[in-house]
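Comments concern the structure below.
In my numbering, the protein residues as written are 866 to 1076.
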């Protein structure tokens, strides 16, 4: 059973992100506040769950949470401010959208940019230790997967339906063959050859990027 809270006696939001290591697509983050002493034996790190189970638990989280929200940072923003800062920004955007104001924040990982004047704690493997972080990992992952599945319909050659934008061999071979889309992160090593892949022409697709 995961822990219900880290900070004693405070309204606490758990945060996590999804998509940091992807070559394409926005980075997503979620923030979740549960009731005090919330209990749920089914919640765990999203990576330990099947896709079907994550989607089932997403509905449970949305039902049970005092407040929840998802923040998004686009590939253009990632290229401009780098992925670490983009991950922090996505979490801040999620926190900004909460209907209930948190009094403290806990975050998966070992780095975080302070949010307003709230106390925070970074917790390595926190998505396997605290319920709110586990829930945030599930929301970030499932909402991002839905987004990548939509993009895959417009750009099927990159196999985003399966790889969700991560650097699989098939994804990189498609970049070599077809070039990049407006959704690729141009600051990344897209070909995996130690060089930034900036020479390809962007594919001529008029799809509007999700903000």
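Yeah, the Cβ is synthetic: ideal placement off N, Cα and C, and Gly gets one too. Predicted model only: the values in this text are computed from it and were never measured.
List the residues that DSSP assigns as beta-bridge partners of residue i.
{"i": "residue 878", "result": "970"}
{"i": "residue 896", "result": "880, 934"}
{"i": "residue 1049", "result": "889"}
{"i": "residue 916", "result": "Paired residue(s): none; residue 916 is not in a bridge."}
{"i": "residue 868", "result": "995"}
Please go through the same chain and pick out, in chain order, the residues whose beta-carbon is closer than 6 Å to the beta-carbon of residue i, but skip the five residues on each side of it.
{"i": "residue 1020", "result": "1046"}
{"i": "residue 973", "result": "881, 991, 992, 998"}
{"i": "residue 964", "result": "932"}
{"i": "residue 1039", "result": "1022, 1023"}
{"i": "residue 909", "result": "999"}
{"i": "residue 855", "result": "Here the chain covers residues 866 to 1076 and nothing more, so residue 855 does not appear."}
{"i": "residue 1017", "result": "1025, 1026"}
{"i": "residue 1072", "result": "Bear in mind that the predicted position of residue 1072 carries a pLDDT of just 36, short of 50, making it too unreliable to give a figure here."}
{"i": "residue 1076", "result": "Its pLDDT being 34, under 50, residue 1076 is placed unreliably in this model, and the value from its coordinates should be taken loosely. Cβ neighbours of residue 1076 beyond the five flanking positions: none."}
Could you check which residue in the options has the C-alpha nearest to that of residue i?
{"i": "residue 920", "options": "972, 1006, 1043, 1058", "result": "1006"}
{"i": "residue 900", "options": "911, 1056, 926, 885", "result": "926"}
{"i": "residue 943", "options": "1027, 875, 892", "result": "892"}
{"i": "residue 953", "options": "912, 884, 1015", "result": "884"}
{"i": "residue 911", "options": "962, 904, 1010, 945", "result": "1010"}
{"i": "residue 956", "options": "916, 1001, 917", "result": "1001"}
{"i": "residue 962", "options": "947, 922, 980", "result": "980"}
{"i": "residue 938", "options": "1041, 916, 951", "result": "951"}
Between residue i and chain B, is any beta-carbon pair separated by less than 9 Å?
{"i": "residue 910", "result": "Absent from the structure is chain B; it holds one protein chain and no more."}
Output needed for residue i: all residues of its chain with C-beta closer than 7 Å, excluding positions within five of it in sequence on either side, in chain order.
{"i": "residue 1063", "result": "Low per-residue confidence applies at residue 1063: pLDDT is 43, beneath 50, and the placement is therefore not dependable enough to give any value."}
{"i": "residue 959", "result": "880, 894, 895, 896, 934, 935, 936"}
{"i": "residue 1049", "result": "888, 889, 940, 1055"}
{"i": "residue 978", "result": "953"}
{"i": "residue 1057", "result": "1032, 1037"}
{"i": "residue 923", "result": "1003, 1004, 1007"}
{"i": "residue 1041", "result": "1056"}
Can you give me the Cβ contacts of residue i inside the same chain, cut-off strictly under 8 Å, excluding the 5 residues immediately before and after it?
{"i": "residue 983", "result": "967, 968, 969, 970"}
{"i": "residue 913", "result": "993"}
{"i": "residue 947", "result": "1052"}
Report yes if the C-beta distance between residue i and residue j is below 9 Å; otherwise report no.
{"i": "residue 906", "j": "residue 866", "result": "yes"}
{"i": "residue 995", "j": "residue 1003", "result": "no"}
{"i": "residue 898", "j": "residue 877", "result": "yes"}
{"i": "residue 886", "j": "residue 1031", "result": "yes"}
{"i": "residue 976", "j": "residue 949", "result": "yes"}
{"i": "residue 871", "j": "residue 986", "result": "yes"}
{"i": "residue 1013", "j": "residue 1029", "result": "yes"}
Original post:
Taking only runs of the alpha helix (DSSP H) that begin and end inside the region 970–1037, which ones reach a length of at least 4 residues, in chain order?
Top reply: 996–1019, 1025–1028
Subject >> Completely contained beta strand (DSSP E) runs for the region 941–970, where each covers 3 or more residues >> reply: none
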